[in-house]
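Residue numbers (my numbering): 8 to 385. Think of the CB as a built atom: it goes at the ideal place given N, C-alpha and C, for glycine as much as any other residue. All values derive from a computational prediction rather than experimental measurement.
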Amino acid sequence: MKKKVLFVGTVLQGHMLLFHLPCMQWFQQQGYEVHLACHNDLDHEVTEVPFCDRYFNLPFARSPFNKRNLGVYRQLKRLVDENEYALIHCHTPVGSMLGRLSARKARKKGTKVVYSAHGFHFFKGAPLKNWLLFYPVEWLAARWTDLLITTNEEDAQRAERLPAVKKVKVNGVGVDLTRFDPPVDRREARDLLGIPQDAQVLLTVGEHSVRKNHATLLKAAAQLPGVQVVLCGWGEGKPELERLTDELGIRERVQFLGFRNDLPKVYPAADVFVFPSLHEGLPVALMEAMACGLPAVVSNARGCVDLITQEEGGFLRDPMDVDGFAKDIHVLLEDPALRERMGAANRVTMQGYSLPDVMEKMAVLYREQLDQSVRSDS
């Protein structure tokens, strides 16, 4: 009988499908039966998930205070108790808490519990309520964690104070650099989006939410006459962003492209990637833009500062500094040679964040945990 592993996360499309299929594929290649438990946030029923032998659609709610999560916990615990998993890998705040809570009994029987922190909520500059609520919860859950994986330097330092058995920093989920090599022709990319070849174009990628802070980009663009803005992503914040473009008088210069699964064809259409997020773990969208050779103007938030060095791959600004963003964007738009130099530097930086490199490290960590699991069973 095959040994089993379980991946747990809050949502399917918005997280698990985007970031964790390579790890699931690795387990299948090692002969494990792979299970996945998360909420189906697609607009249709899911009958099959890549690299997944059994998918459990559990109604996780993103809010930790939603009563629905109590029922999810019961279902998840039953699932864990019945399947005797060799390893459980937890992701996202709610998914990881419920996953680790459900696995307490299983850990005593040898199941290894891995948690990837994609950005602690108690980050530098976070509201006091975040520290009061999330830090104690993470500290408690760390007691039920065999391996805690962080993706940026700030979180790695925070993790040292948590009582997980082992703490390791990994360079995110990895970027498949082959998707951007050879790069799509700039002219082709602009034709695809209906953008004039002589236009100056800013691009951002991410959900339409307060955290992503697209408002700073739009306000900065209002200070740059004629510059076009392309936003890829989805989310409840789109109507508010559309209202803002009307208030700023730039609606005709802004494209909302929605969710895209062809981003390697979109990035080359831009001159500058702009990412004013309030906080991050290690942003995949920024890494993909860097892999595509774009210079970037980004917030000086956790995660972003791990990727962009000031005046080497782009510029760092306070996320609410609209004038600063506008100034740095203007500098880049007026200097093609600078854009080229910074873009080339970013491509080099991304070599250390490639999917093969990250998966090589993950494979070592997985094997270490699985070996310990085997010894616990014997």
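Where the beta strand (DSSP E) containing residue i begins and where it ends
i	result
A298	No beta strand (DSSP E) holds A298; the alpha helix (DSSP H) holding it covers 291–298.
R324	321–324
Strand pairing of residue i, partner residues [DSSP]
i	result
I202	Paired residues: none, contrary to the question.
F282	V305
Q317	G321
V212	C239
L94	V12, K119
S361	V182
Coil, strand or helix - residue i by DSSP
i	result
F332	helix
S385	Here the model assigns S385 a pLDDT of 48, short of 50, so the residue's position is not dependable and the matter cannot be decided.
V217	coil
L231	coil
V261	strand
V180	coil
D88	helix
R267	coil
M327	coil
D188	coil
E367	helix
Q207	coil
E277	The amino acid occupying residue 277 in the given sequence is Ala; Glu does not appear at that position. Note: A277 maps to coil in three-state DSSP.
E287	coil
T223	helix
N-terminal and C-terminal residue of the alpha helix (DSSP H) that residue i is part of
i	result
G102	100–109
T252	245–255
N353	343–356
P271	270–273
(message) Going residue by residue through the stretch 119–176, where are the continuous alpha helix (DSSP H) segments of at least 4 residues, counting only ones entirely within it?
(response) Fully enclosed alpha helix (DSSP H) runs of 4 or longer: 135–149, 160–166.
(request) List in chain order: all unbroken alpha helix (DSSP H) runs of 4+ residues lying wholly within the stretch 17–83. (result) If one requires a minimum length of 4 residues, the alpha helix (DSSP H) runs lying completely within the stretch 17–83 are 28–36, in chain order.
(message) Would you call the stretch 124–134 in contact with the stretch 146–166, where contact means no fewer than 3 C-beta pairs closer than 8 Å?
(response) Inter-segment contact for the stretch 124–134 and the stretch 146–166 is present: three or more beta-carbon pairs are separated by less than 8 Å.
(message) Below 8 Å, how does it come out for the stretch 83–90 and the stretch 105–113: are there three or more Cβ pairs, yes or no?
(response) Taking 8 Å as the limit for Cβ pairs, the verdict is that the stretch 105–113 does touch the stretch 83–90.
(message) Pairs of beta-carbons, one from the stretch 136–143 and one from the stretch 352–368, closer than 8 Å: are there three or more?
(response) With the cut-off at 8 Å, the stretch 136–143 and the stretch 352–368 do not touch.
(request) Evaluate contact between the stretch 224–243 and the stretch 326–340, counting only Cβ atoms and requiring at least three cross-stretch pairs below 8 Å. (result) yes
(request) Could you tell me whether the stretch 211–222 touches the stretch 180–188, using the rule of 3 or more Cβ pairs below 8 Å? (result) no
(message) Contact between the stretch 35–52 and the stretch 60–73 is defined here as three or more beta-carbon pairs at a separation below 8 Å; is this criterion met?
(response) yes
(request) Check whether the stretch 301–316 touches the stretch 277–284, counting contact only when three or more Cβ pairs, one atom from each stretch, lie closer than 8 Å. (result) yes
(request) Check whether the stretch 143–152 touches the stretch 165–173, counting contact only when three or more Cβ pairs, one atom from each stretch, lie closer than 8 Å. (result) yes
(request) Take every Cβ of the stretch 12–25, pair it with every Cβ of the stretch 92–103, and state whether three or more of those distances are shorter than 8 Å. (result) These segments touch.
(message) Between the stretch 310–328 and the stretch 251–263, can you find at least three pairs of beta-carbon atoms closer than 8 Å?
(response) no
(message) Under 8 Å, with one C-beta from each stretch per pair, do the stretch 171–179 and the stretch 189–199 reach the 3-pair mark?
(response) Segments in contact, no.
(message) Measuring CB atoms only, is the stretch 8–19 touching the stretch 45–52, in the sense that at least three cross pairs come out at less than 8 Å?
(response) Cβ pair count under 8 Å is three or more, so yes.
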